[in-house]
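For reference, the structure discussed in these notes is given below.
Protein chains: 2
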Amino acid sequence: MAAPGELGEFALIEQVRRRLGAVGQSRRLVVGSGDDAAVTLPGGATATSIDSIVEAVHFRLETSDPAEIGHKALATALSDLAAMGAEPGEAYVALGLPDRLDAAAALALCDGLLALAARSGVALAGGDISASELLFVTVAVVGHADRAEDFVTRSGARPGDRVLASGAFGGAAAGLAWLERERGEAAINRGDPGLAAAVSEVIRRQRRPEPLLALGRALAPEVSAMIDISDGLGADLGHIGAASSVAIELEAGRIPVDPAARRVASELELDPEALALGGGEDYELAVTVDPPRSAAAVAAAAACGVELTEIGRVAAGGGVSLGGLSLPRTGGFEHRRGR
Amino acid sequence: MAAPGELGEFALIEQVRRRLGAVGQSRRLVVGSGDDAAVTLPGGATATSIDSIVEAVHFRLETSDPAEIGHKALATALSDLAAMGAEPGEAYVALGLPDRLDAAAALALCDGLLALAARSGVALAGGDISASELLFVTVAVVGHADRAEDFVTRSGARPGDRVLASGAFGGAAAGLAWLERERGEAAINRGDPGLAAAVSEVIRRQRRPEPLLALGRALAPEVSAMIDISDGLGADLGHIGAASSVAIELEAGRIPVDPAARRVASELELDPEALALGGGEDYELAVTVDPPRSAAAVAAAAACGVELTEIGRVAAGGGVSLGGLSLPRTGGFEHRRGR
Chain A
61 MAAPGELGEF
71 ALIEQVRRRL
81 GAVGQSRRLV
91 VGSGDDAAVT
101 LPGGATATSI
111 DSIVEAVHFR
121 LETSDPAEIG
131 HKALATALSD
141 LAAMGAEPGE
151 AYVALGLPDR
161 LDAAAALALC
171 DGLLALAARS
181 GVALAGGDIS
191 ASELLFVTVA
201 VVGHADRAED
211 FVTRSGARPG
221 DRVLASGAFG
231 GAAAGLAWLE
241 RERGEAAINR
251 GDPGLAAAVS
261 EVIRRQRRPE
271 PLLALGRALA
281 PEVSAMIDIS
291 DGLGADLGHI
301 GAASSVAIEL
311 EAGRIPVDPA
321 ARRVASELEL
331 DPEALALGGG
341 EDYELAVTVD
351 PPRSAAAVAA
361 AAACGVELTE
371 IGRVAAGGGV
381 SLGGLSLPRT
391 GGFEHRRGR
Chain B
61 MAAPGELGEF
71 ALIEQVRRRL
81 GAVGQSRRLV
91 VGSGDDAAVT
101 LPGGATATSI
111 DSIVEAVHFR
121 LETSDPAEIG
131 HKALATALSD
141 LAAMGAEPGE
151 AYVALGLPDR
161 LDAAAALALC
171 DGLLALAARS
181 GVALAGGDIS
191 ASELLFVTVA
201 VVGHADRAED
211 FVTRSGARPG
221 DRVLASGAFG
231 GAAAGLAWLE
241 RERGEAAINR
251 GDPGLAAAVS
261 EVIRRQRRPE
271 PLLALGRALA
281 PEVSAMIDIS
291 DGLGADLGHI
301 GAASSVAIEL
311 EAGRIPVDPA
321 ARRVASELEL
331 DPEALALGGG
341 EDYELAVTVD
351 PPRSAAAVAA
361 AAACGVELTE
371 IGRVAAGGGV
381 SLGGLSLPRT
391 GGFEHRRGR
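Residue numbers (this note's numbering), protein chains in the order written: chain A, 61 to 399; chain B, 61 to 399.
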């Protein structure tokens, strides 16, 4: 089957290829885009992750800023490297480009991705562009460390460890809830500047997550397990519990709720604690720490300008509980539901 | 927007995840699927490439064997590693799975991919599965070498080098031409077993390409530039010419045409030489060799059971010519047209 509108599509692909090919030397990249494969000089160990975002599942093209699609595709992949404590290295981008995407939008998508790559010290080392009836962006990212044991996995939590989390939760879920109610931007500004600011903030959390790469590297030497919060705080801590064969006991009232999420939840008559615990996509980091190293972890985060909050403890057993009540096991695979 | 048929899709994704997660320890893989990222111990240098195949562009679901889709997605990515002379290492697979794909088909796709991975010594180290209204398979592959200079790029050809190619050409293009004329399998067997065998062979070349990993590694020490033939022999040699700033002069009559392609081309009233030169997707390897090393390259290929044929010379200048006539510059980016 021939691709639709082939001439236009070829020209678009060529433009996008030039834009993406223009980027990124790094000290590890020997041969970049344009050969059969990119050649790099890795550290002693590498951490690699792959992620896709797909039109009509993760975003709607009609209501999205293309630059934010490019940003989010790379940000969610890099967040996995942050959770390993990896030095960010290279990104490889596979784009599926529909003919109905105009050139300006396709290039804006590239620019959103490239801006984050540049800011994160990531070289765009290779890519593949294909025609596709739906827009999709798949990003594989590679991070480095001197030794495999320098990376932080999900499996190192031990009974007695403390559970700490960066930042605050519920913002991305509140942003999604606002967008799904399809309240236009115009409605925000009518007479309530506090609400308008909160809405703007939670939409930003939903659409432009920031991978906490510096924080992950700073925390890595101090923590026993680490994960980024994509599925939801409860679900992702459940991944640590399962991988480490331990129970995670969260303390009621300790989970920091994003004030903007609280304001928007109130407007939407949603439970802000439920958004914080179950909403996901905040891309904060949660860690487990042996108590004697807890102060060092808090200090390492503070040096990155981030507050760590103790939200619970690791115990023997399994599962995740909140204030003594078991949380249902949700999530559990690398899959994000539609928005 | 919620993904269609969410419950069924979640169950499918979980099944596929289990199938893909079941595979592949390798000596380099420290942490496999299931953490934030896979952890590997690379060689001194890595070669990395990413490739997608997309429904309605590269295949039609209605007329494809799902196992062949999985096979081809990995095979085309691994062919890039073959062209670098890399030791195959790890693969990372991002799947977009439509709800209308039944579980048996999705698992067959996985099995096609996994069978090739196992046979190629490639560990499936990570993946991402997303709902998608169209089926797509993106594969990132990582290969290894002790030193960056052990990889063979497109840029090392020098005037005076010989141009050699493995195997024979035109098969995949003849297979595509046959499939596009939509001649059913039934028609093949009516009274002409020679044609039936040729059709079966060219369809296999189109749908089940084999990445020539052992050949690439055997040739690497002997050759100055190497590429896999995906866009077409003329176009891909043009990539070597451009990257090396040389002219590629092919000799008329020297390009080996696949006998099955010749038989099918005759039936379809197509020019077999044009299929061999321009058709692409044969995933053979083409190399340039300094003449004193030519015998060693031929012997290295013979040790892999592959015949190398001298098809031309490298000269000063630019472009690709055949029998003294310039070939138009086609292709030039990582993009395969629709089938």
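Where is the CB? At the ideal position from N, CA and C, for every residue including glycine.
Separation of residue j from residue i, as counted between CA atoms
i, j, result
"GLU270(A)", "GLU240(A)", "22 angstroms"
"GLU367(B)", "ILE289(B)", "16 angstroms"
"LEU277(A)", "VAL212(A)", "Looking at the sequence shown, residue 277(A) is not Leu but Arg. About 9 angstroms."
"GLU147(B)", "GLY301(B)", "25 angstroms"
"ALA280(B)", "PRO281(A)", "41 angstroms"
"ARG214(B)", "ALA362(B)", "23 angstroms"
"SER260(B)", "SER381(A)", "59 angstroms"
"ARG323(A)", "GLY298(A)", "28 angstroms"
"ALA246(B)", "ALA98(A)", "Annotation note: pLDDT 47 at ALA246(B) (below 50); position unreliable, no value reported."
"GLY339(B)", "LEU236(B)", "9 angstroms"
"ALA183(A)", "SER386(A)", "43 angstroms"
"GLY378(A)", "ARG77(B)", "22 angstroms"
"VAL90(B)", "LEU330(A)", "43 angstroms"
"CYS364(B)", "ALA137(B)", "21 angstroms"
"GLY149(A)", "ARG268(A)", "21 angstroms"
"PHE229(A)", "THR348(B)", "57 angstroms"
"LEU80(B)", "LEU174(B)", "8 angstroms"
"ASP162(B)", "GLU122(B)", "12 angstroms"
"TYR343(A)", "LEU176(A)", "15 angstroms"
"ILE371(B)", "ALA116(A)", "48 angstroms"
"GLY384(B)", "GLY216(B)", "23 angstroms"
"ASP140(B)", "SER109(B)", "7 angstroms"
Expected contact under 8 angstroms - CB spacing of residue i and residue j to nearest Å
i, j, result
"TYR152(B)", "ALA375(A)", "Wrong, their Cβ atoms sit about 34 angstroms apart, outside the cutoff."
"ALA334(B)", "GLY231(B)", "Incorrect: roughly 14 angstroms between the Cβ atoms, too far for contact."
"LEU155(A)", "VAL202(A)", "That belief does not hold up - the Cβ atoms of LEU155(A) and VAL202(A) are roughly 18 angstroms apart, past 8 angstroms."
"LEU194(A)", "SER192(B)", "7 angstroms"
"ASP188(B)", "MET144(A)", "Not really, about 16 angstroms apart at Cβ, beyond 8 angstroms."
"ASP171(B)", "ALA127(B)", "6 angstroms"
"GLU309(B)", "ARG373(B)", "5 angstroms"
"ALA465(B)", "LEU224(B)", "Residue coverage of chain B in this structure runs from 61 to 399, which leaves residue 465(B) outside it and unanswerable."
Contact with chain B by residue i, beta-carbon distance below 8 angstroms
i, result
"ILE287(A)", "yes"
"PHE229(A)", "no"
"GLY156(A)", "yes"
"ARG214(A)", "yes"
"ASP159(A)", "no"
"ALA143(A)", "yes"
"LEU80(A)", "no"
"ALA246(A)", "In this prediction, ALA246(A) has a pLDDT of 46, which is less than 50 and means its spatial position is unreliable; what the coordinates show is noted afterwards. False, the Cβ-Cβ gap to chain B never drops below 8 angstroms."
Chain-ordered chain A contacts of residue i [CB-CB under 7 angstroms]
i, result
"THR348(B)", "None at all; the shortest Cβ gap to chain A is about 14 angstroms."
"SER190(B)", "SER112, VAL114, VAL117 and HIS395"
Under 9 angstroms from the C-beta of residue i: neighbouring residues of chain B
i, result
"THR100(A)", "PRO102, ALA105, THR106, ALA107, THR108 and ALA208"
"ARG241(A)", "Chain B residues near ARG241(A): none, gap ~13 angstroms exceeds 9 angstroms."
Neighbour flag for residue i against chain A, beta carbons, 8 angstroms
i, result
"ASP125(B)", "no"
"GLY292(B)", "no"
"ALA175(B)", "no"
"VAL90(B)", "yes"
"GLU193(B)", "yes"
"MET61(B)", "Below a pLDDT of 50, predicted positions are generally treated as unreliable, and MET61(B), at 32, falls in that range; the measurement from the model is reported next regardless. Yes, because at least one Cβ of chain A sits closer than 8 angstroms to the Cβ of MET61(B)."
Contacts that residue i makes with chain A (C-beta to C-beta distance below 8 angstroms)
i, result
"TYR152(B)", "THR108, SER109, ILE110 and ALA200"
"ALA185(B)", "THR108"
Per-residue contacts from residue i into chain A (C-beta, under 9 angstroms)
i, result
"GLY203(B)", "ALA97"
Proximal residues of chain B, C-beta to C-beta of residue i below 8 angstroms
i, result
"ALA140(A)", "Sequence inspection shows Asp at residue 140(A); the Ala mentioned does not correspond to that position. Correct list: ASP96 and ALA97."
Contacts that residue i makes with chain B (C-beta to C-beta distance below 7 angstroms)
i, result
"GLY130(A)", "By Cβ distance, chain B contributes nothing, its closest Cβ being about 16 angstroms from GLY130(A), past 7 angstroms."
**Prompt:** Which runs of the alpha helix (DSSP H), 4 residues or longer, sit entirely within the region 233-317 of chain A?
**Reply:** 245-248, 253-267, 273-279 and 293-304
**Message:** My parser needs the alpha helix (DSSP H) runs of 4 or more residues fully inside the region 325-366 of chain A; what are they?
**Reply:** 332-338 and 354-363
**Item:** Residue ranges of each alpha helix (DSSP H) within the region 143-199 of chain A, 4 or longer
**Value:** 163-180
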